[in-house]
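Per my numbering: the sequence shown = residues 59 to 389. Below: one structure, written as structure tokens.
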Amino acid sequence: MLIKTGRDGFIHPVSSEITPQAVYRDRREILRLMATGAAGTALAAWAGRQAQAQAQRPGKLAALQAARSTVPGAVTMEKVTDYKDASTYNNFYEFGTDKADPARNAHTLKTTPWTVEVEGLVKKPAKYALEDLLKLGAQEERIYRLRCVEGWSMVIPWVGYSLSKLVEKVEPMGNAKFVEFITLADPKTMPYVGSRVLDWPYAEGLRLDEAMHPLTLLSFGMYGEVLPNQNGAPVRLVVPWKYGFKSAKSLVKIRFTDREPKTAWNKAAANEYGFYSNVNPEVDHPRWSQATERRIGEDGLFAKKRKTLMFNGYEAQVGQLYAGMDLKKNY
Ligand SMILES: Nc1nc2c(c(=O)[nH]1)N[C@H]1C(S)=C(S)[C@@H](COP(=O)(O)O)O[C@H]1N2
Ligand SMILES: [Mo]
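Take a look at the structure:
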């Protein structure tokens, strides 16, 4: 058993850490590669990954064990963003619009008990207590690039499993074509819910085939620990090839529909935020160029901007989902 839930409902760390399983898997892989002569490079990559993982363990919240994901494209070798940056430079408008607001204010978010309701066009609608949702799939570590439409990006080691695991459990009906994600809107604990910045609750959506893609992650943790409140505790979506706002935080409802769902940002400014919102350096946002990005942590005087990659670098994995589509029209 990977995760224990205590009587108080909190997730408690188990004694062993995250690495052993991943180490054994990697070691076997290296032994295999030794036979082919490719062991040198593999060892270097392995050492790099271990160093990265260990350097990043912040020790702030309960550990969440995970084995490194084997889903194609799920682990970038780019340098992981410092936990401090990833947990203090946030967009979570329920807690304020300044990047520092969520880390300052989200301590009021009450994450236990937590239920996620799955409803709509499914044969098996269900209400999942967080403890049960956690166990629906094996927890994996995935190191994804996250690209915000505002022009900055980070590299974050998430913990979670493919959303498709949940989709398969609830058995979508034949006419289900889209999935809507609805997040908590509690004016008592979220100071900006009720403000007119957005039409609450914050809602997002995906086409069913996007929701089923193995890279679409239902995430419960990051940096080997449970999610900090400001990053969307206790459970959020992460869709790495789309702009960050598609990755809805603190999910309470997942609804299967036959119609494209309305999303919070599309309602706020339809000409700026489309339903698809795939990262695309060739299609600019009306106010911001999308051709380059600033990697958080690289913002020194001489830091160069990075070129933004098509589908945020996940084109090989997701490009075929959009074959034949006009990506300028379907922004
Ligand atoms: N509920 C909710 N989810 C949200 C947001 C929000 O304001 N509310 N902001 C989005 C935006 S714009 C981004 S870039 C990412 C940021 O995730 P991070 O803070 O974990 O990096 O969360 C997304 N999910
Ligand atoms: Mo964003």
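Backbone N, C-alpha and C define an ideal beta-carbon position, used for all residues, glycine too.
Taking 6 Å as the cut-off, does the CB of residue i come closer than this to any heavy atom belonging to ligand 4?
i	result
residue 207	Absence of ligand 4 is noted for the structure shown, with ligand 1 and ligand 2 being the only ligands found.
For residue i, is the classification buried or exposed, using 16 other Cβ atoms within 10 angstroms of its Cβ as the cut-off for buried?
i	result
residue 118	exposed
residue 197	buried
residue 218	buried
residue 82	Residue confidence for residue 82 is low, a pLDDT of 47 falling below 50, so the modelled location carries little weight; the figure read from the coordinates is stated next. Residue 82 is exposed by the Cβ-count criterion.
residue 135	exposed
residue 388	exposed
residue 182	exposed
residue 347	exposed
residue 168	exposed
residue 360	exposed
residue 271	buried
residue 215	buried
residue 203	buried
residue 342	exposed
Using the C-alpha atoms, what's the distance from residue j back to residue i?
i	j	result
residue 154	residue 250	6 Å
residue 313	residue 176	6 Å
residue 291	residue 285	5 Å
residue 125	residue 236	30 Å
residue 384	residue 305	23 Å
residue 145	residue 161	7 Å
residue 226	residue 188	18 Å
residue 317	residue 382	21 Å
residue 357	residue 254	32 Å
residue 120	residue 280	11 Å
residue 170	residue 308	12 Å
residue 207	residue 265	20 Å
residue 211	residue 277	18 Å
residue 364	residue 184	43 Å
Identify whether residue i lies in helix, strand or coil by the three-state DSSP scheme.
i	result
residue 347	coil
residue 338	coil
residue 379	helix
residue 135	coil
residue 238	strand
residue 196	coil
residue 371	helix
residue 333	coil
residue 255	coil
residue 355	coil
residue 208	coil
residue 232	coil
residue 202	strand
residue 322	helix
residue 360	coil
residue 224	helix
residue 266	helix
residue 311	strand
residue 304	helix
Can you check DSSP and say which residues form a bridge with residue i?
i	result
residue 283	121 and 280
residue 273	Beta-bridge pairing links residue 273 to no other residue.
residue 216	200 and 280
residue 294	277
residue 246	DSSP, once it has assigned bridges, lists no residue as partnering residue 246.
residue 365	350
Of all the beta strand (DSSP E) runs that stay within the bounds of the stretch 143–194, which reach a length of 3 or more residues? 173–178 and 184–187
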